[in-house]
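Just so we're aligned: 82 in full-length UniProt numbering is position 82 of the sequence shown, and the numbers increase by one with no gaps anywhere. The beta-carbon is built from N, C-alpha and C at its ideal position, and this holds for glycine as well. These numbers were taken from a predicted model, which means no experiment stands behind them.
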Amino acid sequence: MNDLFKLLKQGNRSALLAAIVNTIIAIIKGAAYLFTGNVAMFAETMHSLGDAANQFFVYVGTALSKRAPNDRFPGGFGRLVHLVLLGAVLIVGIMAYETIVEGYHHILHPAESKGLLLIIAILAAATILEVFVLFKAMKEILHDADIKASGFSIVTKSLSNFKRGKPATRLVFMEDTVAAAGGLLAIAAVLISHYTPFHEAEGIASILIGVMMFLVVGKVFLDNARGVLGESDVEMEQKIGEMVMKDPDVKDVGEVVVIKEGDQLHVELEIEINPAMSFAEADDIKDRIEEQVRSQRGVTDVTIELDEDDGIPRWNSNSAGSKK
């Protein structure tokens, strides 16, 4: 049990925070829906429930992926987070379907809901909380990318470096972006329905929110399907190759492969050195380079193959990840 608690402490904090916030929001929205019968509030309730369940599974998955390798699974559990995320998006998909169906029924049978001030107050408060979680996810992305920013540059830099964030953090970012946009859309629909005869607006808003949820499902599914298969990190391959080439004893870099498994990076590196060097000197070079590579964020294991320099330059900034 103690080992489990230790693992849970290593789970993605953005996902845990988002799960807690969305659970609270879902309870409040659900109570408001039961009181008012507002279909836009139903859509937002389903959205928050889906996000909360999804993000909780993500948190648990990122924690379990930190388990150390064992005899049965010598490669470790890094890809477990991708499997968990693939399962989690099914929950969001079901919620999205129910949201669209409910919106469609409301369009066919529009009805004016009650409790305008209560609905607007809850949706506004929920949207503010979603924006808060979204901002935390933006800062987490910058932390993953090792980039410092302040003020409005946090928004712009997190968007430009979105792909460098961890899978779980990217999921929270996407879900809360859609949640914040959905909250604003629901507020607009409620106001239109209340002040005009166009009561179908709430149903249309519900369908649009469901469609946005499906877009997140598709994006997360594709990203994590690649992760399960073992996607390479080309940017890190180039960074490591250029770093190793700066070592005075390295004559050439024959190959760099960096495989992403959840938050972990596995590095395979082939370098060429002077064939006249002794075994002890070559071993010292290998140890020195391995230490440098391991110092990079996310790198958990390094495999280095030494070869003698054949005098043919192979490395360039665009050659990472392929056999030379």
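Problem - Three or more C-beta pairs below 8 Å linking the stretch 215-226 and the stretch 274-291 - result: Counting C-beta pairs with one atom in each stretch, the stretch 215-226 and the stretch 274-291 have fewer than three that are closer than 8 Å, which means they do not touch.
Practice task
Look at Ile-169 and Ile-141 and say whether their C-beta atoms are less than 8 Å apart.
Solution key: According to the sequence shown, residue 169 is Thr rather than Ile. Contact: yes.
Practice task
Can you tell me the Cβ-Cβ gap for Ile-25 and Ile-120, rounded? I've got them flagged as a contact below 8 Å.
Solution key: Not confirmed; about 15 Å, so no contact.
Problem - Pair within 8 Å by beta-carbon distance, Glu-268 and Thr-303 - result: Yes, these two residues count as a Cβ contact at 8 Å.
Practice task
For Ile-204, I'd like the list of residues in its chain whose CB is within less than 8 Å of its CB, leaving aside the five on either flank, ordered along the chain.
Solution key: These residues qualify, in order along the chain: Gly-103, Ile-107 and Ala-189.
Exercise for the section: Work out the CA separation of Ser-153 and Lys-323 for me, nearest whole Å. Expected result: For Lys-323, the predicted model reports a pLDDT of 45, less than 50, meaning its position is unreliable and no value from the coordinates is stated.
Handout entry: Three-state secondary structure assigned by DSSP to Ile-154
Key = Helix, per DSSP.
Practice task
Over the uninterrupted beta strand (DSSP E) stretch that includes residue 342, give me the two end residues.
Solution key: Residue 342 lies beyond the residue range present for the chain, which begins at 1 and ends at 324; the question has no answer from this structure.
Problem - Under the three-state DSSP convention, the category Ile-259 falls into - result: The DSSP-derived three-state label of Ile-259 is strand.
Exercise for the section: Whole angstroms is fine: what's the gap from Ala-40's alpha carbon to His-47's? Expected result: Distance from the CA atom of Ala-40 to the CA atom of His-47, rounded to whole angstroms, is 10 Å.
Handout entry: Backbone secondary structure at Lys-323 - three-state DSSP
Key = Unreliable positioning characterises Lys-323 in this predicted model, as indicated by a pLDDT of 45, which lies under 50. A coordinate reading is not provided.
Exercise for the section: List the endpoints of the continuous beta strand (DSSP E) containing Ile-304. Expected result: Its beta strand (DSSP E) spans residues 299-308.
Handout entry: Secondary structure of Val-253, DSSP reduced to three states
Key = Residue state, collapsed to three classes: strand.
Problem - Inter-stretch contact at 8 Å, needing at least 3 Cβ pairs: the stretch 28-42 / the stretch 60-80 - result: The stretch 28-42 vs the stretch 60-80: no contact.
Exercise for the section: Name the residue from Ser-150, Val-172, Glu-231 and Ala-111 whose alpha carbon lies nearest to the alpha carbon of Phe-198. Expected result: Nearest to Phe-198 by C-alpha distance, out of Ser-150, Val-172, Glu-231 and Ala-111, is Ala-111.
Handout entry: Extent of the continuous alpha helix (DSSP H) to which Thr-169 belongs
Key = Segment 167-195, the alpha helix (DSSP H) holding Thr-169.
Exercise for the section: Rank Asp-284, Thr-36 and Met-236 by C-alpha distance to the C-alpha of Arg-297 and give the top, closest one. Expected result: The option with the nearest alpha carbon to Arg-297 is Met-236.
Handout entry: Unbroken alpha helix (DSSP H) run spanning Met-277, endpoints
Key = Where Met-277 is concerned, there is no enclosing alpha helix (DSSP H), given that its DSSP letter is neither H nor E.
Practice task
Could you tell me which residues DSSP pairs with Glu-231 in its beta bridges?
Solution key: Answer by DSSP bridge pairing, in chain order: Lys-260.
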